[in-house]
């Protein structure tokens with residue numbers, strides 16, 4: 041159900057824009073459904089799977105996860121109304137997005153179907169996983185964004201083949217596919233942080249270079 045919600049979350053905005061049916065109310069309603077699908081649902085699943093044995097602490101961490109998901113989506117909605125978005129906002133998210141966070145939170149559960157649950161069902165492991173992912177959601181850590189990714193025609197064909205292969209593996213070996221996707225995304229987080237730092241430094245350098253001619257022109261106009 042969470043995987044289906046992820047797929048639909050990636051399509052609903054594009055469909056609304058194509059139909060010209062975007063609205064402020066729709067954006068808020070979308071965020072509300074995201075809180076339920078990616079904040080409440082994974083937390084309840086992990087709680088019922090293992091954290092019910094941890095007592096009040098397990099329930100508290102599940103609430104923290106759901107609350108951080110709500111805070112992340114509220115921050116995202118607030119950023120939509122900004123007149124001057126961040127220069128790299130088209131390529132990077134700030135923090136882990138809610139759908140990816142749901143997948144990371146459920147990673148021990150999905151891995152247990154592949155490797156068994158003798159270790160992966162550990163209360164401590166799942167407590168730390170939920171807490172760590174919750175912190176990543178509301179953090180300032182940059183992560184890759186593909187929502188505004190523009191592909192050239194040859195790249196689109198490659199992406200299409202990749203999507204078909206992913207769908208085929210998802211149908212034939214769902215748990216292995218979901219586990220690998222989660223691990224690959226987890227590995228991409230430090231890569232995104234390094235890439236963001238490089239692009240931010242290059243952008244700042246370009247802006248400084250652009251200011252120098254303007255400052256020189258001002259000096260020429262005002263010799264005093």
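Numbering (the numbering used here), first residue to last: 41 to 264.
A virtual CB, placed ideally from N, CA and C, is assigned to each residue, including glycine.
Integer Cβ distance of residue i from residue j, believed to fall under 8 Å
i           : j           : result
residue 96  : residue 163 : Actually they do not touch by this definition, with Cβ atoms about 12 Å apart.
residue 113 : residue 138 : 6 Å
residue 75  : residue 110 : 5 Å
residue 77  : residue 100 : With 8 Å as the limit, residue 77 and residue 100 do not qualify as a contact, their Cβ atoms being about 22 Å apart.
residue 149 : residue 85  : 7 Å
Three-state secondary structure (DSSP) of residue i
i           : result
residue 234 : helix
residue 137 : coil
residue 90  : coil
Proximity winner among the options, relative to residue i (alpha-carbon distances)
i           : options               : result
residue 71  : 179, 178, 115 and 44  : 115
residue 130 : 77, 184 and 227       : 184
residue 80  : 108, 209, 67 and 68   : 108
residue 177 : 212, 226, 160 and 92  : 226
residue 223 : 141, 83 and 111       : 141
residue 156 : 42, 192, 219 and 100  : 219
residue 168 : 76, 146, 244 and 230  : 146
residue 87  : 165, 208 and 46       : 165
residue 134 : 117, 149 and 150      : 117
residue 240 : 150, 68 and 128       : 128
residue 179 : 246, 229, 244 and 203 : 229
heavy atom of the ligand ADP below 8 Å from residue i C-beta
i           : result
residue 232 : For the ligand ADP, the structure offers nothing, since it holds no ligand at all.
C-beta contact flag for residue i and residue j at 9 Å
i           : j           : result
residue 132 : residue 232 : yes
residue 170 : residue 105 : yes
residue 144 : residue 173 : yes
residue 216 : residue 209 : yes
residue 103 : residue 119 : no
residue 221 : residue 206 : yes
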